[in-house]
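> My questions all concern the structure below.
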Amino acid sequence: MNTIITGLQWGDEGKGKIVDYLTEDADVIVRSQGGNNAGHTVIAHGKKYVLHLLPSGILWDGKLNIIGNGVVLDPVGLLAEIEKVEAQGVKVTTDKLFISDRCHIVLPFHKELDVAREAALGDRKIGTTKRGIGPAYADKINRCGFRAADLLRPSYFREQVKHRVSDANQVLAQFDLPQFDAEAMADEVLNAFARLAPHITNVIPLLHKAWKDGKTILFEGAQGSLLDVDFGTYPFVTSSNTTAGGSCTGSGMPPTAIQRVIGVCKAYTTRVGSGPFPTGDEGLSQYLHDLGREFGATTGRPRGCGWLDTVLLRFACMINGVTGLAITNLDGLDEYETLKICTAYDVDGQIVDLPPADREAWDKAVPIYEELPGWQVDTTACRNYDELPANAKAYLTRFAELCGAPVAFVGVGPDRAQTIVVG
Ligand code: GDP
Ligand code: IMO
Ligand code: MG
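Below you can see the structure in the form of structure tokens.
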């Protein structure tokens, strides 16, 4: 069975942990969009790993890990990540990691342009991870980007990149930012790329062979549905299709290859960066931060926290075709006396149960809540559904009902063992 794992909120839902859990039975793990803006925390064999571009299957022996064409690849960032996990004892060998020759490349000036653009936006900034993701995808769509295959021909890349650097320098000059020297930049990128070059290949036949041979393929989504460039809270989104369809366009696997879509969401809601967050709640944020929870894996920024928002989740379940929910961080709510669930928004007196497209409507959205009693019991030692307190089960039942998808997994702690399989 081939599975897409996708985030249903604004990222950081705990996808890394669920991917890692399902990796045990998978043969191939694929990243198909995003870049090193992602930060996936995996606690395996008692050790904590934070992965950005590497698929989570890299922590296992005997699995194929694929970075698909939909990913934007920062050679310097990926090299640093490889060195970090290798220092933790993980081997990143050519029989484990395969990178599509069609991947677009994040170049150093993309990161500077990202920073410059954010600074220029002032208080309208998106709150990006400053990893150059937007500018790299913009070059891809604008047909002036570079792909991994181009870097395999260093002299061609050196020659061609001069033009792009010259254009980027003009923009940077408008912001009084330092200019890039095309030669020095090409050296830096090609040096990092030298370590990656043996991993670059046409991954499509590899994936199709695995499919034909009946192997199990897992697509590891990055970011979340409300950060999707089409379906999210535009413009406060990332620059890729984070929803299930992105797994196909970003890998070369057809929709007919997919049997299951697991939607990962927290038992509450979090968001980093700017943009609408109707159920955001300062009290809940403070509470979770005081517990040392909800600090970003990529930037260390505190995440804003809020109550469960089933308007978002209902929509996310629809557009992803979610067949099962993986609800993580249930234990984060263990001590609360009363829990709120947002069932709809009131937008200027109109009750809506799906997210609006119009940004003014987002600003006006007032959540409509129903309240459920908390369970006030430590759930972190629960290992099966029946062991959960009755009020926790009632919360999960209502959760699934409002989202229109059944619960498949429940997380009660960060460890792999703290994952309850439902049904
Ligand atoms: P991802 O980007 O979706 O992979 O999620 P992140 O790794 O950025 O953030 C999720 C955070 O929640 C990480 O710190 C995980 O270790 C943690 N986590 C995941 N599932 C659970 C859970 O069920 N309970 C607790 N307490 N932490 C969890
Ligand atoms: P994972 O895979 C949470 C957010 C940024 C910002 C917006 C645009 O760990 O869930 P970008 O750098 O992509 O141009 O930033 O998207 N963002 C994430 N938020 N988790 C992520 O990844 C994110 N990747 C990007 O905070 O609001
Ligand atoms: Mg994350």
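Heads up: the sequence shown begins at 91 in the working numbering, then just goes up one per residue. Even glycine gets a Cβ: it sits at the ideal position worked out from N, Cα and C.
1) For I172, which beta-bridge partners are listed by DSSP?
2) In chain order, what residues of the same chain have a beta carbon less than 7 angstroms from the beta carbon of V205, not counting five sequence neighbours either side?
3) Hey, would you say the C-beta of E171 is under 7 angstroms away from at least one heavy atom of the ligand GDP?
4) Below 8 angstroms on the Cβ atoms is my contact criterion, and I expect V118 with I156 to pass it. Report the Cβ-Cβ distance as a whole number of Å.
5) Using the three-state DSSP reduction, which class does Q250 fall into: helix, strand or coil?
6) Under the DSSP definition of a beta bridge, which residues are partnered with K230?
7) So I95 and V512 are supposed to be a Cβ contact under 8 angstroms. How far apart are they, rounded?
8) Ordered along the chain, which non-local residues of its own chain (more than five positions away) have a Cβ less than 7 angstroms from that of R473?
9) Under the criterion of a Cβ to heavy atom distance below 7 angstroms, does H142 qualify as lining the ligand MG?
10) Is the Cβ-Cβ distance between P446 and V456 less than 8 angstroms?
11) Let me know the alpha helix (DSSP H) ranges lying completely inside the stretch 310-367, each 4 residues or longer, listed in chain order.
12) Assuming C432 and V467 make a contact with CB atoms under 8 angstroms, what is their CB distance in whole Å?
13) For a test of your reading of the model: does the CB of A258 fall under 7 angstroms from any non-hydrogen atom of the ligand IMO? Yes or no.
14) Residues bridged to S190 by DSSP?
15) Could you tell me which whole beta strand (DSSP E) segments of length 3 or greater appear in the stretch 433-480?
16) For L403, which option in A274, L203, P496 has the closest C-alpha, if you only look at C-alpha atoms?
17) Compute every distance between the C-beta of T418 and the non-hydrogen atoms of the ligand GDP, then say whether any falls below 7 angstroms.
18) Starting from P121, follow the beta strand (DSSP E) in both directions and report where the run begins and ends.
19) Quick check: the Cα distance between D399 and C493, rounded to an integer number of angstroms?
20) Identify, in the order they occur along the chain, each residue of the same chain with its Cβ nearer than 6 angstroms to the Cβ of D424, setting aside the five sequence neighbours on each side.
Put simply:
1) DSSP output for I172 lists no bridge partner at all.
2) K220
3) no
4) 6 angstroms
5) helix
6) Note: K230 sits in no beta bridge, so no partner.
7) That belief does not hold up - the Cβ atoms of I95 and V512 are roughly 16 angstroms apart, past 8 angstroms.
8) I510
9) no
10) no
11) 335-339
12) Going by Cβ atoms, the distance from C432 to V467 rounds to 24 angstroms, so no, they are not a contact pair.
13) no
14) T291
15) 440-442, 456-463
16) P496
17) yes
18) Note on residue identity: the sequence assigns Arg, not Pro, to residue 121. Where R121 is concerned, the enclosing beta strand (DSSP E) stretches over 118-121.
19) 10 angstroms
20) D468, T469
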